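Counting the sequence shown from 1 gives a position; the numbering used here is that position plus 154.
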Amino acid sequence: MKLYNALSQQIESFTPYGQAVTVYVCGITPYDTTHLGHAFTYTSFDILIRCLEEQGYPVRYAQNVTDIDDDILRKAKEVGDTWQRLVNRWTT
155 MKLYNALSQQ
165 IESFTPYGQA
175 VTVYVCGITP
185 YDTTHLGHAF
195 TYTSFDILIR
205 CLEEQGYPVR
215 YAQNVTDIDD
225 DILRKAKEVG
235 DTWQRLVNRW
245 TT
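So this is what it looks like as C-alpha cells:
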C-alpha cells in the first residue's frame with residue numbers, strides 16, 4: 155500500500171511501526187450543522203481502515219470530537235449562548 159506522507163511530501167510505501175496500526179483522526183468541531191467535509195473524513199478513514207484490515211493489519215482507531223476551540227467560542231457569542239450548550243446541541 156502506498157500513502158502520501160505529508161511530512162516528507164512524498165508518496166511512500168506503508169510500513170507499520172509495529173504489528174498493529176494506530177490511526178488517530180481529528181473529528182468534528184460541533185458548532186453548526188454537519189456538512190460534506192464531515193462525511194468525507196468519516197468515509198475516507200473508514201476506507202483506509204478497511205484496506206489495512208483486509209491486508210491483515212490489526213487496527214486501533216480513535217477519532218475525537220473537538221468540544222472547545224475558537225470557532226465554538228465565536229459561534230456561541232454570535233448566537234448568545236454558552237459554548238457548553240452550543241456543543242451539547244450538536245452532539246446529543
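Heads up, the beta-carbon is just placed ideally off N, CA and C, and yes, glycines get one too.
Model, not experiment: these values are computed from the prediction.
Supposed contact pair residue j and residue i - C-beta distance, whole angstroms, cut 8 Å
i              : j             : result
leucine 240    : valine 233    : 7 Å
valine 175     : glutamine 217 : With a Cβ gap of about 15 Å, valine 175 and glutamine 217 do not count as contacting.
isoleucine 203 : tyrosine 215  : 6 Å
Best match in the options for proximity to residue i [C-alpha to C-alpha]
i              : options                        : result
aspartate 223  : Pro212, Thr236, Tyr211         : Thr236
isoleucine 165 : Tyr171, Leu202, Met155         : Met155
threonine 220  : Ser162, Gln173, Ile182, Leu161 : Ile182
glutamine 157  : Gln173, Leu206, Thr188, Thr195 : First, the residue type needs correcting, since residue 157 is leucine and not glutamine in the sequence shown. Of the candidates Gln173, Leu206, Thr188, Thr195, the one whose C-alpha sits nearest the C-alpha of leucine 157 is Leu206.
tryptophan 244 : Tyr196, Glu208, Val177, His189 : His189
tyrosine 196   : Glu208, Leu161, Val177, Ser162 : Val177
Burial state of residue i, where buried means 16 or more other Cβ atoms lie within 10 Å
i            : result
proline 212  : exposed
tyrosine 171 : exposed
tyrosine 185 : buried
C-alpha gap between residue i and residue j, whole angstroms
i                 : j             : result
threonine 169     : serine 198    : 19 Å
phenylalanine 194 : threonine 187 : 15 Å
glutamine 173     : histidine 192 : 30 Å
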